[in-house]
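Peer 1: Chains as they are written, first to last, in our numbering: chain A, 215 to 515; chain B, 37 to 529.
Note that the Cβ used here is the ideal one computed from N, Cα and C, for glycine as well.
Once you've had a glance at the structure underneath, I'll fire off some questions.
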Amino acid sequence: MTSPIHTHELTRRYRHQMALDGLNLQVPEGSIFGLVGPNGAGKTTVIKMLMKLLRPSSGNAEVLGCNIGKLGPAQFARIGYVSENQKLPDWMTVGYFMNYLRPFYPTWDDALAAELIQQFELPHDRKLRHLSHGMQMKAAMAAALAYRPKLIVLDEPFTGLDPLVRDELIEGLLPRTENTTVFISSHDLAEIESFASHIGFLDHGRLQFCEEMSSLAERFREVEVTVGGADRKRAAEWPPTWLNAQQSASVCRFVESRFEEERTMAEVRRVFGDPMQVAVNPMPLRAIFVALAKASRKAAA
Amino acid sequence: MRQAIHILEKDIRHLWIEIAVVLAATGLFSLIYTHPDFWLSKAQLPQTVAAFFVSFLLPVSWWVLIVRAVHGESLVGDREFWPTRPYSWKSLLGAKLLFILLFVNLPILAAQAAILQAHGFQPGAEWGSLLWNQVLLTLALFLPVAAIGALTTGIVQFLLIGLVAWAALLLLSLRFSLVASTMAGGTWGPLEWVRWSYTLMLAALAAPAILIWQYAKRRTIAARVIAIAIVIVMGLGAPFSYTQAFAIQQRFSRQPAAGATIRTGWNNGFQWMTRALIRPGRGVDLNVPLQLTGLPDQLDAKPEGLTFSIEAPGGAVLRPASQPSRNVTSTGQLIALRATLPESFYRAVKEQPITIRGEIDLTLYGNRRETKVPIRGGLRAVPGMGLCTATGGPPATYFLSCNAALRPRADKVAIAFEPHPRVIADYATRFPPSYSPFPAELSINPLSSSDAYSTYQGPLDAVTVSSEEPVAFVRAPLLIEGLRLGAYEAVMK
């Protein structure tokens with residue numbers, strides 16, 4: 215399977231600040247890849263470099279098999295890019311915007327364009343500048359889907375949108391991702407979790423992990439261990455895969471970042487002896503993200 | 037090309053108001069200058085409005101239109117929508133250039149042709165000049181503005197950077213070049229075109245280079261650095277002297293051998309005009325009448341500049357540093373060397389037989405033609421002046437009004453109001469002559485006007501214009517030996 219997006223040691227510095235530090239990433243074809251991370255993690259920087267809007271300080275990347283420095287009309291005709299902070303030609307009406315873009319794309323589908331405008335309830339004759347932010351994002355999305363791109367790149371598309379508009383955008387996007395790879399950055403984890411097939415977690419410009427959603431959900435567990443007071447242990451003795459461990463008089467809670475039932479239970483017994491009770495709970499992506507972010511900040515401190 | 041046309045159509049739709057403003061301004065400009073009566077009306081307001089349009093509004097409307105078109109797909113920043121769309125940079129640049137051609141070049145070209153036609157010219161015969169003028173306008177006024185537009189994000193930033201660039205140019209030129217040389221010794225007169233050609237050449241190289249670089253690479257910081265460097269180089273002025281400019285001018289002599297026999301020496305007949313005027317504390321003003329020998333028959337000489345040194349027997353040498361054009365004057369047929377010497381040098385050499393050695397730059401005029409322009413007799417083609425009309429008569433002033441197409445005259449002209457004992461006109465010209473070999477000079481107005489008048493109150497039949505064209509630019513040796521300045525000393529009281 216080829217990779218529509220492939221980066222090798224991709225790095226970007228802003229003067230003395232490292233925005234992205236040696237990113238190595240392979241986005242599987244046909245996947246919906248969510249690049250998540252806190253604000254300032256470097257997500258937008260990655261996407262802007264992939265879209266040739268920023269030049270890397272070092273390293274390289276390929277998008278649809280083309281080095282990002284050489285991306286041109288042939289590649290962009292197969293890429294749909296939507297960003298929450300993109301400046302649209304706001305003097306255009308929605309209809310003219312779509313008509314204007316049509317000749318640029320050999321694969322433009324008029325019927326699909328009309329369907330998208332209808333689905334997103336976009337007012338054909340209204341200027342983009344007179345649309346709300348949500349409607350502008352819908353217009354941008356419609357204009358990025360109407361030519362059936364091979365790669366859809368979305369940079370924080372849900373930021374600032376109300377839940378209804380988010381759902382509408384997702385509902386417009388998902389049915390049209392067949393034979394398409396979606397690369398989406400967001401810190402809105404709830405939405406990502408609902409449809410992403412792969413997740414990359416970026417923090418402080420470094421990729422902390424990158425894997426399939428299913429294995430991520432399998433790997434992280436919230437563990438609560440009830441012990442007797444005499445069995446209290448110092449943090450230094452805890453395995454490094456236990457994140458954000460907190461211990462009160464009789465209860466210890468932590469996030470196991472490499473959960474395998476037998477191995478984890480063995481570690482619990484090694485640390486706590488014979489605990490009174492061990493509760494293991496699956497975690498939503500949001501909880502995993504928060505746990506990772508906290509652990510990362512603690513480590514940085 | 038299809039994509040370029042598509043983008044062009046979008047720009048036309050987007051910028052129709054700005055286009056309408058440019059077309060209206062161009063139309064009004066054309067209207068004003070195609071109706072000389074309007075221009076010469078007694079009411080001052082239309083003239084003021086016309087001047088305002090020509091000098092300010094028309095170029096500003098062009099610049100706003102050009103910059104708005106470029107900013108339609110801003111090349112600066114990472115938030116624009118178009119870089120991630122399948123735009124070809126060549127099509128995009130082509131669309132913008134086509135836009136400038138259609139809505140800036142063509143309207144002003146049409147207006148210029150209409151103005152020329154209204155003033156009696158055949159635009160068909162002036163196409164070379166008209167097109168050359170468009171090249172100059174494009175290189176000097178349109179492409180540099182497009183290049184600045186390509187380095188800025190909006191009209192406000194454009195105005196700020198434009199202002200800074202203009203101020204930098206002005207400050208640098210104050211320090212180094214144009215104004216400094218003006219203050220030191222005047223402009224280069226008819227040779228000024230050499231200096232402007234250099235500046236235009238820089239613009240011609242820099243603006244397209246920046247545009248192509250930005251559209252192809254969108255490397256704004258590097259492009260801005262190049263632009264700043266170019267502004268600095270322009271501000272430093274032409275890297276050649278007047279003497280070198282005259283050497284360039286010599287290449288355009290039609291009869292290069294014409295002046296080979298010319299020599300310059302002390303004018304024996306007018307030795308009495310030699311003066312060494314001591315101005316205590318301010319140097320010694322030297323005036324030495326010169327005589328040209330070996331000048332071919334049928335040719336007149338006009339001095340353009342003089343470089344010289346003064347050598348004394350004791351070995352003292354002085355090379356005055358002032359502008360060559362300031363070192364020589366001509367009054368009628370009389371040519372004189374003029375310079376200000378340091379008083380100490382003068383006192384050291386004044387009783388010694390000095391030698392003045394140097395070179396004089398001369399324009400040789402020939403091919404004399406005489407044209408009569410009847411009073412109230414309509415348009416007449418006058419060599420070197422363009423199309424002329426003679427008007428007036430008692431009690432009104434007699435006027436000779438001439439228009440040349442797209443460039444100032446190069447010919448030497450003498451005007452006489454006939455038949456009364458040759459009333460030589462109080463000659464006035466709006467544009468100084470230029471020896472440029474090009475068919476047009478940078479100008480929005482295609483008319484280069486000159487006027488002459490006479491207040492004679494008697495009846496006149498015609499105005500006679502004698503014109504001679506420059507046939508050669510020569511550098512002739514100057515040698516004066518045995519001059520004792522002390523003999524011609526005077527002291528300013």
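1. Let me make sure I understand the geometry here. Which of Ala291/A, Glu298/A, Pro242/A, Arg227/A has the alpha-carbon closest to that of methionine 263/A?
2. So the beta strand (DSSP E) asparagine 323/B belongs to, where does it begin and stop?
3. Does the count of Cβ pairs from the segment 483-500 of chain B and the segment 370-388 of chain B closer than 8 Å reach three?
4. From glutamate 454/B to glycine 414/B, what distance separates their C-alpha atoms?
5. Can you name the start and end residues of the beta strand (DSSP E) that serine 400/A belongs to?
6. Apart from the five residues just before and just after valine 353/B, which ones in its own chain have a Cβ nearer than 8 Å to its Cβ?
7. Using a cut-off of 7 Å between C-beta atoms, extract the partners of glutamine 300/A located in chain B.
8. Using 8 Å for Cβ pairs, my map puts isoleucine 398/A next to leucine 249/A. What's the rounded Cβ distance?
9. With 16 other CB atoms within 10 Å as the buried threshold, where does isoleucine 68/B fall?
10. For threonine 188/B, return the contacting residues in chain A, with the cut-off set at a CB-CB distance below 8 Å.
11. How long is the line joining the alpha carbons of tryptophan 322/A and methionine 312/A, rounded to whole angstroms?
12. Could you pull out every unbroken beta strand (DSSP E) segment of at least 3 residues lying fully inside the segment 409-434 of chain B, listed in chain order?
13. Just the Cα atoms here: how many angstroms apart are lysine 508/A and asparagine 458/A?
14. Which one of Lys253/B, Pro122/B, Arg260/B, Trp249/B has the shortest CA to CA distance from alanine 201/B?
15. Considering just the uninterrupted stretch of the alpha helix (DSSP H) at glutamate 475/A, what are its terminal residues?
16. If I'm right that valine 181/B touches valine 103/B with Cβ under 8 Å, what's the distance once you round it to whole angstroms?
17. Measuring only the C-alpha atoms, how far is glutamine 460/A from methionine 479/A?
18. 8 Å is my cut-off, CB to CB: does tryptophan 305/A come that close to chain B?
19. Check for me: the beta strand (DSSP E) holding leucine 373/B runs from which residue to which?
20. Alpha carbons only, please: which of Gly273/B, Ala375/B, Pro360/B is nearest the one belonging to arginine 315/B?
21. Given 8 Å as the limit, is there contact between the segment 431-440 of chain A and the segment 265-283 of chain A, that is, 3 or more CB pairs closer than that?
22. What does DSSP give as the partner residue(s) for glutamate 407/A in the beta ladder?
23. Between threonine 300/B and the rest of its own chain, which residues show a CB-CB distance below 6 Å, the 5 nearest in sequence each way excluded?
24. In chain order, what residues of the same chain lie with their CB nearer than 8 Å to the CB of tryptophan 452/A, ignoring the 5 residues before and after it?
25. If you measure between the beta carbons of valine 296/A and alanine 358/A, is that distance less than 8 Å?
26. Round the Cβ separation of leucine 175/B and alanine 239/B to the nearest angstrom and send it over; I've been treating them as touching at under 8 Å.
27. Can you tell me whether isoleucine 268/B is buried or exposed, with buried defined as 16 or more other CB within 10 angstroms of its CB?
28. Tell me whether the beta-carbon of glutamate 504/B lies closer than 8 Å to the beta-carbon of glycine 402/B.
29. Go to tyrosine 295/A, then tell me how far its alpha helix (DSSP H) extends in each direction, as first and last residue.
30. Would you list the residues sitting across from proline 339/B in a DSSP beta bridge?
31. Using only the alpha-carbon positions, how far apart do tryptophan 229/B and isoleucine 144/B sit?
32. Give the interface partners of lysine 46/B over in chain A, defined as CB-CB distance under 7 Å, in chain order.
33. Taking only three categories from DSSP, how would you classify arginine 355/B?
34. What distance in whole Å lies between the Cβ atoms of leucine 368/A and valine 396/A, which are believed to be in contact at a cut-off of 8 Å?
35. Using the Cα positions of arginine 380/A and leucine 345/A, report the straight-line distance between them to the nearest angstrom.
36. Using a cut-off of 8 Å between C-beta atoms, extract the partners of arginine 121/B located in chain A.
Peer 2: A quick look at the data gives this:
1. Distance check between methionine 263/A and each of Ala291/A, Glu298/A, Pro242/A, Arg227/A places Arg227/A closest, using alpha-carbon atoms only.
2. Taken as a continuous stretch (DSSP letters only), the beta strand (DSSP E) holding asparagine 323/B covers 320-329.
3. When Cβ pairs closer than 8 Å are counted between the two stretches, the segment 483-500 of chain B is seen not to touch the segment 370-388 of chain B, the count staying below three.
4. 16 Å
5. 395-400
6. Excluding residues within five positions, the ones whose Cβ falls inside 8 Å are Ser345, Ile346, Glu347.
7. Arg115, Phe117
8. 7 Å
9. buried
10. Residues of chain A passing the Cβ test: none, with the nearest at roughly 15 Å.
11. 10 Å
12. 416-418, 422-429
13. Take the alpha-carbon of lysine 508/A and the one of asparagine 458/A: they are about 7 Å apart.
14. Arg260/B
15. In the DSSP assignment, glutamate 475/A falls within the unbroken alpha helix (DSSP H) covering 475-486.
16. 6 Å
17. Going by the C-alpha atoms only, they are around 18 Å apart.
18. With 8 Å as the cut-off, tryptophan 305/A counts as an interface residue toward chain B.
19. 370-377
20. Ala375/B
21. Judged by Cβ distances under 8 Å, the segment 431-440 of chain A makes no contact with the segment 265-283 of chain A, as fewer than three pairs qualify.
22. Its beta-bridge partners do not exist; DSSP assigns none.
23. Leu326, Leu328, Ile396, Ala512, Leu514
24. Ala459, Phe468, Val485
25. yes
26. 5 Å
27. exposed
28. yes
29. Note, tyrosine 295/A: premise wrong, no alpha helix (DSSP H); beta strand (DSSP E) at 293-297.
30. Leu398/B
31. 23 Å
32. Tyr314
33. Assignment of arginine 355/B by DSSP, reduced to helix, strand and coil, places it in the coil class.
34. 7 Å
35. 16 Å
36. Phe290, Leu315, Phe318
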